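Enquirer:
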Amino acid sequence: MSIFNAENSLRFLKEVEAANNIVITAHKSPDGDSIGSSLGMYFFLQSLGIDSCICHPDPAPDFLSWLTGADQVHSWQQENEFAKELFANADLVIHLDFNAPGRVGEDMRPALEEATAKKIMIDHHLDPDKDFFDLSYSDPSCCSTSQMIAELIIASGHEDKLNNLIGTPLYCGIMTDTGSFRFPSTKPETHEIIAKLIRAGVKQYEVHENVYDTNTIDRIKLRGYALAEKMEIWEDLDTAVISLTEEEMKRFNYKKGDTEGLVNVALSIVGMKRAAYFSESEGYIKISFRSKGEDNPVNEIAAKYFNGGGHKNAAGGRWDLPIESAVERFKKALKNEI
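To convert, note that position 238 of the sequence shown is 237 in numbering that gives the first Met the number 0; the numbers rise steadily by one, no gaps.
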């Protein structure tokens, strides 16, 4: 059952209607769900005649730039002084797709902690830091924050507001966070929401084409190199691993999003129960973990060994340089935990 029943939805609406300066924010290293839920919320509030703005820690990746409104998303990284003013002057901050202040990165975190604004969280990740937020809507059973926003809109009595403008980013967020509706988190309710979005005017084929079927030559070459030259198969551990250094990515003119979904390709190999993708960026190693089945949780490994966390079959973490040490730590962690 959705956390957004009529009572919770109306309580949320009362908060946004009472606010004068609303900022919508999400986690560092934006993905389809953080961008999709932010834009969906932004356009929903706009349909109610409520002004807001979106400010994320860093810019959206190129593969999401086609979304209407993506060019209106401010970033702490590129507009630092302006972003500081936004949070300092806000009387309401809506935190989407993350559940603890550390998820925005150390640069932007103080702005959230020092903000005097009321803080509302809408998120689907495990173990939320509810003490940080004034109002928390947490639903780890939901496949995506974008679905939660759609449920909020419907439960609040504003389903008639759903249109292509609101629905397209929400569809994109649900689609990317469910691996195109194939992950176990995809429930019947997810498909019911998708049906409503399509009826509202979302052209689902255009979303799929823009996200998955639009490639540059450099992107194709990078992915080919990663799979042919940088993938290791640990047959005794039923695990596939891909690692890329910053220098290797620069060789192929890397842009954010070029390796999106690469870890899922590794996981698709016959016999693999787990996969991990290690990438060097900004002086540390970012790690994406994926797995199949209830008996192969990767969120526990992410939390215990890599300062991370997430869902049972999809999690993330980080580690210090060099990249080889992170890969070796993962191998040891698997041997300890399996």
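Beta carbons are placed, not taken as given, at the ideal position from N, Cα and C, and that holds for glycine. This structure is a prediction, so every number in the text was calculated from the model and none was measured.
Mapping the DSSP letters down to three states, classify ALA251 as helix, strand or coil.
Expert: Strictly speaking, residue 251 in this sequence is Phe, with Ala absent from that position. Residue state, collapsed to three classes: coil.
Enquirer: Give the secondary structure of SER8 by DSSP, where H, G and I count as helix, E and B as strand, and everything else as coil.
Expert: Helix at SER8.
Enquirer: Run through DSSP, which three-state label would PHE277 get?
Expert: Strand at PHE277.
Enquirer: Going by the beta-carbon positions, is the gap between TRP65 and THR213 smaller than 9 Å?
Expert: yes
Enquirer: Helix, strand or coil, according to DSSP, for SER137 in the structure here?
Expert: strand
Enquirer: Given a threshold of 16 other Cβ atoms within 10 Å of its Cβ, counted over all protein chains shown, does ASN19 qualify as buried or as exposed?
Expert: exposed
Enquirer: Considering only C-alpha positions, which residue in the set ASN88, SER242, LEU95 is nearest to GLY35?
Expert: LEU95
Enquirer: Between LYS27, ALA199, ASN4, ARG317, which has its C-alpha nearest GLU158's C-alpha?
Expert: ALA199
Enquirer: Tell me, which residues are paired with ALA313 by DSSP?
Expert: ARG289
Enquirer: Let me make sure I understand the geometry here. Which of TYR136, LYS118, THR115 has the alpha-carbon closest to that of LEU125?
Expert: TYR136
Enquirer: Please identify the residue among ARG250, MET120, THR244, LYS202 whose C-alpha is closest to the C-alpha of PRO100.
Expert: MET120
Enquirer: Thinking C-beta only, is SER278 closer than 9 Å to ALA314?
Expert: no
Enquirer: For LEU125, write down the residues that DSSP places opposite it in a beta bridge.
Expert: None, per the DSSP bridge assignment.
Enquirer: Buried or exposed for VAL269, going by 16 or more other Cβ atoms inside 10 Å?
Expert: exposed
Enquirer: In its own chain, which residues sit with a C-beta less than 6 Å from the C-beta of LEU151, not counting the 5 before and 5 after it?
Expert: So the list reads PHE3, SER8, once near-sequence residues are dropped.
Enquirer: Determine the direct distance from the alpha carbon of ASP176 to that of SER1, and round the result to whole angstroms.
Expert: 17 Å
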